[in-house]
Amino acid sequence: MQKQNLQLSKKGTQLVCKTVTTFSIGITVALSMLGNPAIAGSLVRKNVVDLTPQEKTDFVNAIKALKTTIPEGSTLSIYDQFTATHVGAMAMMSEDATGPGGMIDAAHTNAGFLPWHREYLDRFEKALQSVNPNVTIPYWDWTDPKAIDVIFQPDFLGSNGSGVVVNVPGRGDFEGGPVQSGNFSEADGWVLNPDLHFDPTTNQTLGTSLIRFLQLPPGDAYPIPQQEIDQLLAIDNYDLFRPALEGFISVGQNGQITGGAFLHNYIHGLVGGVQITGIDPVTGVPAIQPLGTFSSVPSSPNDPVFWIHHANVDRLWAEWQANGHAGSDFYPSTGQPYGHNLNDPMWPWDGGQSQPGTIGPGDIKSYLPILSPDDIVTPKDTLSIRDYGYTYDTIPEGSSTLGLLALGVLGGASLWQRQQLSRKNKALIAQPLTATRD
Ligand SMILES: [Cu+2]
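Just so you know, we're using the UniProt record's numbering here: the sequence shown kicks off at 1 and counts up by one.
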């Protein structure tokens with residue numbers, strides 16, 4: 001397997017997908033129900049609870065193949081190069097980062113969070129498909145009470161960690177730690193690069209084993225109430241939608257904004273575990289110590305749950321886009337830090353304009369894959385999942401009668417109800433929210 005597998009030109013893919021789409025759109029849904037996502041015009045990303053045993057095995061095996069494939073001229077596996085790229089995006093924040101994107105997180109806390117991760121997931125999915133063309137990244141619907149048990153099983157992404165007991169005041173003792181057996185344990189060959197697995201608050205390595213503290217209080221509330229998703233999808237402008245989905249704020253039914261850890265950010269803590277180590281006496285903001293791999297955000301792609309978690313982030317953005325917020329009217333063209341405006345190139349797909357600084361215990365620059373200088377991606381390039389050639393099983397294929405019929409077949413009635421509900425919510429809260437749109 002060659003390095004080019006993870007650097008497939010998006011333009012080339014678009015061309016192929018467009019050609020196929022024109023004559024196969026009508027059979028897309030029917031075929032996707034047969035469970036072969038590769039035949040359909042758009043590849044379908046499925047709910048993780050609907051995967052067949054074979055699909056679970058295929059996904060795990062493709063991930064493990066990327067973890068053991070080291071491209072010529074590299075010291076890292078393809079999988080670890082992906083992890084290094086995520087670490088590198090956060091090393092753009094460091095003081096010694098250079099170029100116009102210097103001292104700015106390339107992938108988080110700004111508008112580009114959703115575009116950056118859409119592109120990143122698409123490249124990872126294509127790498128998986130170079131192993132097995134039938135594989136797509138499933139998504140974790142955080143409102144589904146069954147999903148957490150389906151995901152953290154020996155036959156899929158492995159179980160909770162063990163061997164470390166944490167006392168949570170007022171709640172008792174909880175266990176987590178290294179994942180010791182089954183898929184993604186060190187014994188099973190899932191050995192992490194210690195330079196790419198570290199505590200971001202100290203830059204100290206977290207070692208070579210995947211670490212989980214599943215549902216350690218206070219990060220134990222699951223599932224996420226459907227109402228939180230309805231409120232998210234009812235937001236009308238990107239400048240609030242993005243921080244709400246990333247999980248820095250919650251926007252209530254009357255438009256009131258609350259700070260905290262929600263949705264995407266919350267789930268990072270629910271899997272990796274966080275401890276509250278104190279409360280800032282001035283601001284009242286709790287100081288949080290991440291314990292495991294997934295809550296240590298730079299290193300979080302080391303836990304394969306990263307992909308299905310971020311597929312859900314991406315699905316919710318795609319649903320929001322499909323529900324009246326499509327295209328560049330719903331993305332900021334100016335006013336963002338460099339790399340986050342509509343037409344800014346996003347590191348690492350910026351032609352070498354910017355270089356990350358120091359992060360973690362190792363030399364991150366030595367781990368980064370070398371990209372072609374003409375491999376340029378801007379947020380504008382990421383705005384349509386149709387252009388990428390994939391879709392989600394909760395998103396109708398266009399607004400055609402056939403699409404609506406297909407949606408019904410797929411049990412989309414609840415989606416329709418949810419959209420009606422979010423339209424109602426939107427009517428209630430649109431006015432206070434739209435005031436901040438630029
Ligand atoms: Cu990320």
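Just so it is clear, CB atoms sit at the ideal spot from N, CA and C, and this is done for glycine as well. All figures in this text were calculated on a predicted structure; none of them were measured in a lab.
Test item: CB-CB of residue i and residue j under 7 Å
| i | j | result |
| --- | --- | --- |
| Val48 | Trp142 | no |
| Gly352 | Pro337 | no |
| Gly182 | Gly163 | no |
| Asp314 | Trp349 | no |
| Gly339 | Gly189 | no |
| Val135 | Asp58 | yes |
| Pro290 | Ser299 | no |
| Gly327 | Phe294 | no |
| Thr391 | Ser94 | no |
| Tyr331 | Pro379 | yes |
| Leu240 | Leu263 | no |
| Leu210 | Asp199 | no |
| Asp393 | Val44 | yes |
| Pro361 | Asn203 | yes |
| Gly102 | Ser354 | yes |
| Arg212 | Gly284 | no |
| Leu51 | Pro138 | yes |
| residue 444 | Ala127 | This structure does not reach residue 444, given that the chain is present from 1 up to 438, and the question cannot be answered. |
| Gly99 | Ile364 | no |
| Pro356 | Ala187 | no |
| Trp317 | Leu121 | no |
| residue 460 | Trp347 | The displayed coordinates of the chain run from 1 to 438. Any statement about residue 460 would go beyond what the structure contains. |
Helix, strand or coil at residue i [DSSP, three-state]
| i | result |
| --- | --- |
| Thr382 | helix |
| Ser366 | helix |
| Asn5 | In this prediction, Asn5 has a pLDDT of 36, which is less than 50 and means its spatial position is unreliable; what the coordinates show is noted afterwards. Three-state DSSP puts Asn5 in a helix. |
| Thr68 | helix |
| Asp350 | strand |
| Thr434 | Its pLDDT being 28, under 50, Thr434 is placed unreliably by the model, and nothing is read from it. |
| Gly278 | strand |
| Val285 | coil |
| Gly259 | strand |
| Ser414 | Low local confidence applies: a pLDDT of 43 at Ser414 is under 50, so the model's placement there is unreliable, with the coordinate-based value given in what follows. Looking at Ser414 - three-state DSSP - the assignment turns out to be helix. |
| Gly292 | coil |
| Leu43 | strand |
| Phe113 | helix |
| Ser399 | Any answer about Ser399 is weak, because its pLDDT of 41 lies below 50 and its placement is not dependable; what the coordinates show is given next. If DSSP states are grouped into helix, strand and coil, Ser399 belongs with coil. |
| Phe213 | coil |
| Val48 | helix |
| Ile151 | helix |
| Ile376 | strand |
| Pro178 | strand |
| Tyr222 | coil |
| Gly73 | coil |
| Ile249 | strand |
| Tyr79 | helix |
| Phe184 | coil |
| Asp393 | coil |
| Gly88 | helix |
| residue 439 | Residue coverage of the chain in this structure runs from 1 to 438, which leaves residue 439 outside it and unanswerable. |
| Asn302 | helix |
Any non-hydrogen atom of ligand 1 closer than 6 Å to residue i Cβ
| i | result |
| --- | --- |
| Ala107 | yes |
Exposure label - residue i; buried when at least 16 CB within 10 Å
| i | result |
| --- | --- |
| Pro301 | buried |
| Thr68 | exposed |
| Ile279 | exposed |
| Asp385 | Note that residue 385 is Ile in the sequence shown here, rather than Asp. By the neighbour-count rule (16 or more Cβ atoms within 10 Å), Ile385 is buried. |
| Thr85 | buried |
| Thr382 | buried |
| Val179 | buried |
| Val165 | exposed |
| Arg171 | exposed |
| Lys56 | buried |
| Thr277 | exposed |
| Asp173 | exposed |
| Thr201 | exposed |
| Gln227 | exposed |
| Gly412 | The predicted position of Gly412 is uncertain, since its pLDDT is 42 and thus under 50; a value taken from the coordinates is nonetheless stated next. Under this definition Gly412 is a buried residue. |
| Ser42 | buried |
| Val282 | exposed |
| Pro345 | buried |
Closer than 6 Å: residue i CB and nearest ligand 2 heavy atom
| i | result |
| --- | --- |
| Gln215 | Of the ligands this structure carries, namely ligand 1, none is ligand 2. |
Report yes or no: do the region 186-198 and the region 244-253 share at least 3 C-beta pairs separated by less than 8 Å?
no
Are three or more beta carbon pairs between the region 261-270 and the region 208-220 nearer than 8 Å?
yes
Say whether the region 310-324 touches the region 227-244, bearing in mind that this needs 3 or more beta-carbon pairs closer than 8 Å, one atom from each stretch.
yes
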